[in-house]
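Following: one structure in C-alpha cells, then a few remarks.
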Amino acid sequence: MNRRVMLDMLTVIDSVGIPNQRLKSETTEQLVNDYRSSIAEGSLVGVEIKENRVPDTEFEEMKAFVFEYLAASVGKEEEGGRMRWYPWHSAEYRHNHILNVVDLAEEIARKEGADADVTRVAALFHDVAKLEADQELHAEAGARVAREYLESRSEYPESFIDQVCQAIEHHSYQGNLNDLALETQCLIEADLLDKIGANGTALMLLRMGYEARTHMDADEMIERVLERGYDAASRVRSDTAESIAHQRLKRVKWFREWLEDEIAAMG
Ligand SMILES: [Fe+2]
Ligand SMILES: [Fe+2]
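Using the working numbering, the letters of the sequence shown correspond one by one to residues 415 to 681.
Shown next, in the form of C-alpha cells:
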C-alpha cells in the first residue's frame, strides 16, 4: 500500500480517537481494515478520503467524454483548416497522446507523492480544447471545459476541482517547473515525455511522409527528436521523469545507430 495513503489513513484514525494503545498493539493492515469497515458502517461520515475520489468507472466516462469532445471539434472544422491532414491534428492522435500523458503523469505522481487523482484527471483534460482553440489559449479553454464537466457532477469537492483546473491552465508554462504545484509539474513532465522516445521518432517519420520527404532525411528528423529529448531531460525536475527521459533518449540513440549501420548514405 502507498505510504501516503497509509499516512492519510493513520492521521484520520488518530483524529477520530482510536486509543494510541491500539495503534501500538495492532498491525497497520488491521487498522486499515477497521477503518474501511467504519466507513462502511457510516461511523466516519464527513471524513474526506484523499485517494480514489474518482472511481475507475467515472474515469472511463471522462475518457469517453474527452474523446467525443475532440471528435466534435474536428467535425466543426472547415475542410483543410489548420493543416488538419497531419495525423497529430486528428481526434484519434490527440486522444492517444492524452492517454499516454495520463499513464505517464499517474506514474510520476505516485512515485513523487503527488495527488494521483488530481494529476490523472488534469492529464485527461489537459488537451481537450487543443483542436478548437489556438495553441496559446488551449490550456485555459481546457480548464473551462474540465470545470464545467466536474461541476456538473456535484460529488467532487471544490478544492479538488480547483487543483485539477489549475494544473490544466498552467500546463503550457514555459518557466521553471519548481514554480508550480507538484501535480502541475507531473502533468507537464508527462506531456514533455510523450514527445520523445520511440513514439516521438515514429511520429517524426510519419510526418516525413506527409511532407513528401524521402527516408534519406530520416537522420535529420531523428536528430530533431534527440534534441527535443535533451531539452525535455534538462527541463524535468522529478527523479522519476528524469529517468524516463534518459531511457527514452537511449532508445532514440539506438534507432539512429541502427539506421546509420544499415543505410550506406548515412553516418
Ligand atoms: Fe497542451
Ligand atoms: Fe499535451
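Yeah, the Cβ is synthetic: ideal placement off N, Cα and C, and Gly gets one too.
(1) When the distance is taken between beta carbons, is L601 closer than 7 angstroms to A655?
(2) Using the Cα positions of V650 and D608, report the straight-line distance between them to the nearest angstrom.
(3) To the nearest angstrom, report how far apart R561 and W502 are at their CA atoms.
(4) Using a beta-carbon distance below 7 angstroms, is E506 in contact with chain B?
(5) Quick one, which of I522, S586 and A632 has its alpha-carbon nearest M680's?
(6) Going by other Cβ atoms of all chains shown within 10 Å of its Cβ, with 16 needed for buried, is T533 buried or exposed?
(7) I want to check one thing, is the minimum distance from the CB of D517 to the heavy atoms of ligand 2 below 6 angstroms?
(8) Between which two residues does the alpha helix (DSSP H) harbouring N592 extend?
(9) For ligand 2, which residues count as neighbours when the test is a C-beta closer than 5 angstroms to any heavy atom?
(10) Starting from the Cα of E546, find the closest Cα among A523, E641, G489 and Q577 and give me that residue.
(11) Tell me whether E455 sits in a helix, a strand or coil according to DSSP, three-state version.
(12) Based on Cα-Cα distance, which residue from I636, V516, I582 and Q580 lies nearest to M618?
(13) For the region 507-522 and the region 554-570, state whether three or more C-beta atom pairs, one from each stretch, are separated by less than 8 angstroms.
(14) Excluding sequence positions up to five away, which residues of its chain have a Cβ less than 7 angstroms from the Cβ of Q565?
(15) Tell me the rounded alpha-carbon separation between R467 and E674.
(16) For V480, count the other beta carbons within 10 Å of its own beta carbon; 16 or more makes it buried, fewer makes it exposed. Which is it?
(17) Quick one: complete alpha helix (DSSP H) runs, 4+ long, within the region 577-625?
(18) How many whole angstroms separate the CB atoms of A581 and E597, which I take to be in contact at a CB cut-off of 8 angstroms?
(19) Taking all protein chains shown into account, decide if K544 is buried (16 or more other Cβ within 10 angstroms of its Cβ) or exposed.
(20) Which term fits T628, buried or exposed, when burial requires 16 or more other beta carbons within 10 angstroms of its beta carbon?
(21) Considering only the beta carbon of each residue, do E554 and E572 sit closer than 7 angstroms?
(22) Terminal residues of the continuous alpha helix (DSSP H) containing T628?
Short version:
(1) no
(2) 13 angstroms
(3) 25 angstroms
(4) In the displayed structure, chain B is absent; only one protein chain is listed.
(5) A632
(6) buried
(7) no
(8) Careful: N592 lies outside any alpha helix (DSSP H) and carries neither H nor E.
(9) D541 and D605
(10) G489
(11) Its pLDDT being 45, under 50, E455 is placed unreliably by the model, and the measurement read from it follows with that caveat. In the structure shown, E455 sits in a helix (DSSP, three-state: H, G or I).
(12) I636
(13) no
(14) In the sequence as displayed, the identity of residue 565 is Glu instead of Gln. If we look at E565 and ignore the five residues flanking it on each side, its Cβ neighbours are I575.
(15) 50 angstroms
(16) buried
(17) 596-607 and 611-624
(18) 5 angstroms
(19) buried
(20) exposed
(21) no
(22) Per DSSP, T628 belongs to no alpha helix (DSSP H) and is neither H nor E.
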